[in-house]
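J.: The listed protein sequences correspond, in order, to chains A and B.
For the first sequence, the positions run 0 to 278 when numbering that gives the first Met the number 0 is used.
For the second sequence, the positions run 0 to 297 when numbering that gives the first Met the number 0 is used.
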Amino acid sequence: MPGPFKPSARSLRYWQAALLVAMLLGWHLLSRDAQYAFFLGEPIKVAGRVWSWFMPFGFAPSDWFPDGVPGRADIYEHLGVTLLETVLAFVIGTVVGLAFGLWLALSPTAGAILDPYIKAANSMPRVILAPIFALWFGLGIWSKVALAVTLVFFIVFFNVYQGVKEVSPVVLANARMLGANQRQLMRSVYLPSATSWVFSSLHTSVGLAFVGAVVGEYLGSARGVGYLILQAEGTFDVNTVFAGMVVLTVFALLLDGLVGRIEKRLMKWQPRQGETEKL
Amino acid sequence: MPTHALELDRITVTFQSPDAPAQRYTAVADATLAVRTGEFVSVVGPTGCGKSTLLNIGAGLLHASSGEVRVFGEPLSGINRRAGYMFQTEALMPWRSAIENVMVGLQYRGVAPAAAREQAQAWLERVGLGGFGDRYPHQLSGGMRKRTALAQVLALDPDIILMDEPFSALDIQTRQLMENEVLEIWAGGSEGRRAAPSPKLTPPGGGRVAPGGSQVRKAVLFITHDLDEAIALSDRVVVLSAGPATHPIGEFAIDLPRPRDVAEVRTLPRFVELHKQIWDVLRDEVLKGYAQQLKQAA
Numbered sequence: 000m001p002g003p004f005k006p007s008a009r010s011l012r013y014w015q016a017a018l019l020v021a022m023l024l025g026w027h028l029l030s031r032d033a034q035y036a037f038f039l040g041e042p043i044k045v046a047g048r049v050w051s052w053f054m055p056f057g058f059a060p061s062d063w064f065p066d067g068v069p070g071r072a073d074i075y076e077h078l079g080v081t082l083l084e085t086v087l088a089f090v091i092g093t094v095v096g097l098a099f100g101l102w103l104a105l106s107p108t109a110g111a112i113l114d115p116y117i118k119a120a121n122s123m124p125r126v127i128l129a130p131i132f133a134l135w136f137g138l139g140i141w142s143k144v145a146l147a148v149t150l151v152f153f154i155v156f157f158n159v160y161q162g163v164k165e166v167s168p169v170v171l172a173n174a175r176m177l178g179a180n181q182r183q184l185m186r187s188v189y190l191p192s193a194t195s196w197v198f199s200s201l202h203t204s205v206g207l208a209f210v211g212a213v214v215g216e217y218l219g220s221a222r223g224v225g226y227l228i229l230q231a232e233g234t235f236d237v238n239t240v241f242a243g244m245v246v247l248t249v250f251a252l253l254l255d256g257l258v259g260r261i262e263k264r265l266m267k268w269q270p271r272q273g274e275t276e277k278l
Numbered sequence: 000m001p002t003h004a005l006e007l008d009r010i011t012v013t014f015q016s017p018d019a020p021a022q023r024y025t026a027v028a029d030a031t032l033a034v035r036t037g038e039f040v041s042v043v044g045p046t047g048c049g050k051s052t053l054l055n056i057g058a059g060l061l062h063a064s065s066g067e068v069r070v071f072g073e074p075l076s077g078i079n080r081r082a083g084y085m086f087q088t089e090a091l092m093p094w095r096s097a098i099e100n101v102m103v104g105l106q107y108r109g110v111a112p113a114a115a116r117e118q119a120q121a122w123l124e125r126v127g128l129g130g131f132g133d134r135y136p137h138q139l140s141g142g143m144r145k146r147t148a149l150a151q152v153l154a155l156d157p158d159i160i161l162m163d164e165p166f167s168a169l170d171i172q173t174r175q176l177m178e179n180e181v182l183e184i185w186a187g188g189s190e191g192r193r194a195a196p197s198p199k200l201t202p203p204g205g206g207r208v209a210p211g212g213s214q215v216r217k218a219v220l221f222i223t224h225d226l227d228e229a230i231a232l233s234d235r236v237v238v239l240s241a242g243p244a245t246h247p248i249g250e251f252a253i254d255l256p257r258p259r260d261v262a263e264v265r266t267l268p269r270f271v272e273l274h275k276q277i278w279d280v281l282r283d284e285v286l287k288g289y290a291q292q293l294k295q296a297a
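1. Chain A beta carbons: is any one of them nearer than 8 angstroms to that of B:T2?
2. Hey, could you find the ends of the beta strand (DSSP E) B:I78 is sitting in?
3. If we call anything under 8 angstroms between Cβ atoms a contact, is A:L190 one with A:A174?
4. Out of curiosity, what's the CA-to-CA distance linking B:G206 and B:V101?
5. Mind listing which residues of the stretch 158-174 of chain A have their C-beta closer than 7 angstroms to chain B's C-betas, in chain order?
6. At 4 residues or longer, and completely inside the stretch 75-132 of chain B: list those alpha helix (DSSP H) runs for me, N to C.
7. Is A:A179 close to chain B? Criterion is C-beta to C-beta, closer than 8 angstroms.
8. Just checking my contact of A:V45 with A:V245 at CB under 8 angstroms: how many whole Å lie between their CB atoms?
9. Give, in chain order, every residue of the stretch 89-118 of chain B whose Cβ lies closer than 7 angstroms to some Cβ of chain A.
10. Taking the alpha carbon of B:F71 as the reference point, which residue from B:R80, B:A90, B:I253 and B:A97 has its own alpha carbon closest?
11. Suppose the cutoff is 8 angstroms on Cβ atoms and the five residues either side in sequence are ignored; what does the same chain contact list for B:G378 look like?
12. Can you pull out the residues from the stretch 195-229 of chain A whose beta carbon lies closer than 8 angstroms to at least one beta carbon of chain B?
13. Under a Cβ-count criterion, where at least 16 other Cβ atoms within 10 Å of its own Cβ denotes burial, should A:W63 be classed as buried or exposed?
14. How would you write the range of the beta strand (DSSP E) that B:H3 sits in, first residue to last?
15. Please report the distance separating the alpha-carbon of A:V148 from that of A:S195.
16. To which residues of the same chain is B:V261 closer than 6 angstroms at the C-beta, ignoring the five residues directly before and after it?
17. Just curious, the beta strand (DSSP E) that B:L220 is in, first and last residue?
18. Do A:A231 and A:L138 come within 8 angstroms of each other at the CB atom, strictly closer than that value?
19. Counting contacts by CB-CB distance shorter than 8 angstroms, is A:V188 in contact with chain B?
20. Counting only runs that start and end within the stretch 221-246 of chain B, where is the alpha helix (DSSP H) found for 4 or more residues in a row?
21. What residues from chain A crowd round B:F86, counting only those whose CB sits closer than 8 angstroms?
22. Would B:L60 and A:A172 qualify as a contact pair, given that the criterion is a beta-carbon distance under 8 angstroms?
23. Distance cutoff 8 angstroms, beta carbons only. Does A:P191 sit that close to anything in chain B?
24. Report the option in A:W268, A:P168 and A:R125 whose CA atom is closest to the CA atom of A:V144.
25. Going along chain B, which residues have a C-beta under 8 angstroms from A:M185?
26. Please look up how many angstroms separate the CB atoms of A:V279 and A:S192, rounded, as I've assumed it's under 8 angstroms.
27. Over what stretch of residues does the alpha helix (DSSP H) that includes B:G66 continue unbroken?
28. Use the C-beta contact count for A:H27: other C-beta atoms within 10 angstroms, 16 or more gives buried, fewer gives exposed.
29. Out of B:G49, B:L149 and B:Q118, which one is the CA nearest neighbour of B:F166?
30. So, with DSSP's three-state summary, where would you put B:M162?
31. Per DSSP, B:F39 forms a beta bridge with which residues?
32. Does any residue of chain B have a CB that is nearer than 8 angstroms to the CB of A:M176?
33. Leaving out the 5 sequence neighbours to the left and right, which residues in its chain are closer than 7 angstroms to B:K145 when beta-carbon positions are compared?
34. How long is the line joining the alpha carbons of A:F132 and A:A59, rounded to whole angstroms?
35. Below 8 angstroms on the Cβ atoms is my contact criterion, and I expect B:G57 with B:L153 to pass it. Report the Cβ-Cβ distance as a whole number of Å.
36. Exposed or buried, which one is B:S233 when buried takes at least 16 other CB atoms within 10 Å?
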């Protein structure tokens, strides 16, 4: 009797690609029906939309594209804004979270006083802050950055807090015996220990920075990929909505890969992958 | 120069339970213990009797409820700056490579990185890890990590070395190798060399030169539950009573000739005799300690 199907590492790639092709094909066949196409979009038109967003030259009308594919190359401004918001939120949220986490973990009194407020702020669905931020910071990038920062901050904050609390007491005692003063302890023990926890949460927090930025744009903006999606939705242009989703997914994957590479370089002292927080 | 490197004078340590302040546990009661300069003293006692507590008091990591600690005649307050501490469990920073771990103490003292690295390299070579400086702790074996920890302590050239069962996690062969090396390093240049695989190298800044021209011996306070180890290494063995309220109940001068090889010295008749004498005292305490553990578990 043949055993269970088990592809090799190389053929696994082919199977993954085949699955993608099969899904696209299924989507395409389904979208031959005009009724379905209205809701699901058409993969070829989505591809054409992505092309005209990114490429400066187009195609003449053909069988597949009766209206032709114009080469507008007009997404870069929007994508740049979204990525800028993401990166700003990621950096600000990480730095502030790190600082707060270190402060509260090392000063038990402040930690004890602020504890209920932090719990409350963390359990609040933070997307509801978007209108307030729009009111405070206007419709420019900063209201989106602020929203994404609130998402990133808590992830980093809790990880740093945990990281500092779980510094090995022996390592700490050893550093003190070796003559470390408070500042040196901070730099050589607390910070590296907390950093490893921060890194284990980076994948989550970079994803959330992206979410914050796009959701912020979606709720009110004049630029950004979220704005493009919102505009398309307003005109029932489902193909553009799907194209926006594809672009966001690809860039989220790219960001995640970048974080993975940085993590691999900085965390080479770690014997194994740290645990990531579950969303 | 004061004759004692470290004196624990009528030390009592009482811990308060954080949950129930009324519950107190006296780990150490009225314990007096002194280590002369250049003396190797081992402290043996049943498991859980408060040996480590006593050592932490000497290190200044823990403050006694009553009693006084004197370091070279001066009352100790805060961390004992003249002591190096070798911990029982892993104390290396996992995010620093071996050489960075050895140099961290020097960096704390403001030694320039290049000079610190050079000294650290010399110490790594001294403990036989010259080629492993760039490894991270998780890439080293247990014995290599202990060697790194030893180099880390020695790099600061402390006058007192406190050791808390440093080799208890090692296999017996590695352990004997390490014990011999510790003896050799402790003896400095003033004793004949044992056949040891480590390169002979006097690290820059490693060891002060005494008027006689040899290195000043460090005072060592060595905690162990292994009586063989204690006798083989020490000038003096102190036996602690079972906890709670641990205190020294016996003291034995070990008059075995030096230099010693920890494996060979065990076969000497005098060793066997000393072992019997000390074990006679220790056995009752071990039984008492065991009975208490049974009671606690019940």
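We put the beta carbon where it would ideally sit given N, CA and C, even for glycine.
The structure displayed is predicted, hence computed values, not measured ones.
T.: Taking the structure as given:
1. no
2. It is not in any beta strand (DSSP E) - B:I78 carries neither H nor E in the DSSP assignment.
3. no
4. Bear in mind that a pLDDT of 44 at B:G206, under 50, signals an unreliable position, so the model cannot answer this.
5. V169, V170, A172 and N173
6. 97-107 and 112-125
7. yes
8. 7 angstroms
9. E89, A90, M92, P93, W94, V103, G104, Y107 and R108
10. Ranked by Cα distance from B:F71, the first of B:R80, B:A90, B:I253 and B:A97 is B:R80.
11. The question about residue 378 of chain B has no answer here: the residues shown for chain B are numbered 0 through 297.
12. S195
13. exposed
14. H3 to Q15
15. Using only the alpha carbons, I get a separation of about 20 angstroms.
16. Q175, E178, N179 and A231
17. Residues A218 to T223.
18. no
19. yes
20. 226-232
21. V169, A172 and N173
22. yes
23. yes
24. A:R125
25. The premise fails here: A:M185 is roughly 12 angstroms from chain B at the closest Cβ pair, so nothing lies under 8 angstroms.
26. Here chain A covers residues 0 to 278 and nothing more, so residue 279 of chain A does not appear.
27. Taken as a continuous stretch (DSSP letters only), B:G66 belongs to no alpha helix (DSSP H), being part of the beta strand (DSSP E) at S65 to V70.
28. exposed
29. A check of alpha carbon separations from B:F166 across B:G49, B:L149 and B:Q118 identifies B:L149 as the nearest.
30. Note: B:M162 maps to strand in three-state DSSP.
31. B:V219
32. yes
33. P165, F166, L169 and M177
34. 45 angstroms
35. Not quite, the Cβ-Cβ distance comes to about 18 angstroms (not below 8 angstroms), so this is no contact.
36. By the 10 Å Cβ count, B:S233 comes out buried.
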